[in-house]
Every structure is written in C-alpha cells, then in structure tokens.
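In numbering that gives the first Met the number 0, the protein residues as written are 0 to 230.
Every residue, glycine too, gets a C-beta built ideally from N, C-alpha and C.
In this text the structure is predicted, and so the values were computed from the model without any measurement.
Each remark here refers to the structure printed beneath this line.
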Amino acid sequence: MRAALRFLAGTVVGVLIVLLLGAAPAQAAGYRYWSFWRWSDGGWVYQQQGPAVHVPADGEVEGWRFAVSPDGGQQAARPGPPGDFAALCAGTPAEAGRKRVAVVLDFGGPADAPARETPPEPRTACAVVPTRASSAEVLATVAPPLRYDVNGLLCAIAGYPRTGCGEQLGGAARPSGAGTTGTATGPTDATGATAAGASPGGIGPVLGIGAGLALVLAVAAGARWQSRRRR
C-alpha cells in the first residue's frame, strides 16, 4: 500500500509539472497595421475611439503609427515624433468657425514594412477643418489617399502600404517604440472595436490546469477510498 501511495504521489507531481509547462503563454501573434493615438500630458495615449467616431477638439494632436505589434490596442507601437501642437501648427493661422488639429504620421521602420515596400519618413501636418469633423475626416484632409477594408479597418494612410490590411503574422517580437501592456488585442476598426479575425486572447491553459487538477484530485480520492476499504 505504501508503495502504491508513493507511486500515486509521484504521478500527481508529474501531472502537475506537465500541466504547468503546458500553461506557459505562447508567443503573441503580430499584426501589421496603423494604430491610433492622441497626445496628452507630454506623451502618446492610445485612442479608445475609432477615427470615424472620435471628434477631436481644437488644439488636439493625433498620432498614427504603422508597425508590426504583438498585440493591438495599447500594446501597439507608439508614434516616434512628439505632439507639440504649438510647434506643429505654428505656421497655420486659426480661422473663425473652424478648428486646427495637428497630425503626426509615423510610417514605421524597415522591419515593419511589407515585402518590397519602403516606409516614408515620418511627417506632420496641421489640419484646418469644420468643428464637427471626425478624426477620419481630419486624416483625409492631410494624408490622402486613405484605404479601408470592408469592415471599416484603416489599411493605408497616404497610400502606404499599397497592399495588406491588419494581417496576422504569427509570433512577432515587439518593435522599438512599442507601448505598454494593455487589454485590447488585434487591430481595431473605424469604431474602435477589435477587427474581425483578431485574437481576443485565449484562456485554454487556465482551463487545462483546472481540468488536470480535478483529474488528479479524483484519482487521489479514489486511491484513498480503496485504502480505507482494504483496511
């Protein structure tokens, strides 16, 4: 009986080790897409609303960054250039009944670029638009042509890239300039919702550990019952 209990204990430990090793997080999938940001308190903050929904105020600075990021949302790469409105719109006079919105475009580096494409240099602009203009309308004013897919996902700014739209690239290392950890995953569409096909993150390992522990406990309870019965 003691030998059987030692064997059972070894089996339990082995099963737990296997389960814990299997629960190690897989390398995150990378997405190549344009992420949307706003300048606030001296830094770039991920824009929670999509460009078709958000209506920037006069004096706001919006940023766009094209990059391969392991996750979407706040984990995407931030624009590199700063968003100083006074500097970006210094040469653009205010107009009555209209607003000025500064825009920073960061096309990413060679590692972010699709095959056979070269990213343009970062650039800035100061849009003068109607007061109710959305971020999408601001962007269309300063960086045409824009390209969207059928789900409203912004695919290209100023014609870059020529092809592709938020494609998943499998495991990817975070490029330089990446942001901090957030909760959203995958590129977002024009309304800010997670794009179709983007993974929301799995809970499979957690469920696997729970099921494995339940199995181990059941085996242990059975062995104990058998031991008592034989006594």
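Sequence-distant residues of the same chain with beta carbon closer than 7 angstroms to residue i, five excluded per side
i, result
"V44", "W36 and R37"
"R97", "V127, V128, P129 and T130"
"S134", "P50, H53, P55 and E61"
"A93", "R99"
"E136", "V128"
Inter-residue spacing [alpha-carbon to alpha-carbon] between residue i and residue j
i, j, result
"V60", "T123", "10 angstroms"
"L145", "D40", "29 angstroms"
"F84", "V141", "15 angstroms"
"G90", "G82", "15 angstroms"
"L152", "G42", "25 angstroms"
"L138", "Y32", "16 angstroms"
"D57", "A132", "10 angstroms"
"A86", "P143", "23 angstroms"
Beta-carbon proximity list for residue i, same chain, < 6 angstroms, skipping 5 on both sides
i, result
"D105", "R64, P78, G79 and P121"
"P113", "P160 and G163"
"C88", "R99, A101 and C125"
"D231", "It is not possible to answer for residue 231, since the shown part of the chain is limited to 0 through 230."
"S34", "R64 and A75"
"G107", "F65, A66 and P118"
"A95", "none"
"E116", "P160"
Proximal residues to residue i (C-beta, below 8 angstroms), its chain only, five neighbours per side dropped
i, result
"G181", "Residue placement at G181 is poorly supported in this model, since its pLDDT is 35, which falls under 50; the coordinates are not used for a value here."
Entirely enclosed alpha helix (DSSP H) segments - the stretch 21-101, minimum 4 residues: Entirely contained in the stretch 21-101, the alpha helix (DSSP H) runs reaching 4 residues are, in chain order, 84-87.
At what residue ranges does the stretch 127-156 contain a whole run of the beta strand (DSSP E), taking only runs of 3 or more? 153-155
Three or more C-beta pairs under 8 angstroms: does that hold for the stretch 73-92 against the stretch 154-163? Contact fails: fewer than three Cβ-Cβ distances are below 8 angstroms.
Quick check: the stretch 97-104 against the stretch 123-134, are there 3 or more CB pairs under 8 angstroms? yes
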